[in-house]
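Positions 12 to 116 (the working numbering) are the ones given, in order, by the sequence shown.
Think of the CB as a built atom: it goes at the ideal place given N, C-alpha and C, for glycine as much as any other residue.
To start, the structure itself, in C-alpha cells.
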Amino acid sequence: MNSQNILQSFQVSSLFSQKMKKEIITYFQKLNPRQKNLIIQAIKSEKKIALHFIKSLKNKKAVRFETVKSQVESLQRGKIAVLEQQEQNEAQKQISLLFNSLQTL
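In C-alpha cells, the structure reads:
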C-alpha cells in the first residue's frame, strides 16, 4: 500500500462527497513523505483491525449490536486522531513559515 493506491482507493470510495474527496486529496498531496507514511501506517493498522473483526464475525453465530457499535466507534476515533494530527502538523508548518518570514524582515 502506497500513497498512489490510497488516493485511487479513496477516489472510488462512497464514504465522502466529491467535493470533500477533492479537498482531502489536495491536502494529502501537500503532505511531506514522512506525514504520508504516518497516514499509510495508520490506515494499515485500521485495515488489520477491521479484517480481524470481520474474521471474528465468521466464528460467531450472533453478533450483538453493541459489539459492532463499539468497533465502529473505535475505528472512527482512530481516524479522528489521524485527522487531528494532520491538522496539528499543518498548523505547526504554517507557524514555522510565518516565523521564518518574520525573521527575514
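query	result
Say whether the segment 42-50 touches the segment 89-97, bearing in mind that this needs 3 or more beta-carbon pairs closer than 8 Å, one atom from each stretch.	yes
Could you give the C-beta distance for Ile60 and Leu26, rounded to a whole number, given that I count them as a contact under 8 Å?	Going by Cβ atoms, the distance from Ile60 to Leu26 rounds to 17 Å, so no, they are not a contact pair.
Who are the near neighbours of Lys30 in its chain, counting only those whose CB is closer than 6 Å to its CB and skipping five residues on each side?	none
Please report how far the alpha carbon of Arg75 lies from the alpha carbon of Gln15, in whole angstroms.	37 Å
Who are the near neighbours of Glu57 in its chain, counting only those whose CB is closer than 8 Å to its CB and skipping five residues on each side?	Leu86, Gly89, Lys90
Looking only at C-alpha atoms, which of Ser28, Arg45, Lys33 sits nearest to Asn13?	Arg45
Taking the straight line between their C-alpha atoms, what separation do you get for Leu62 and Ile17?	17 Å
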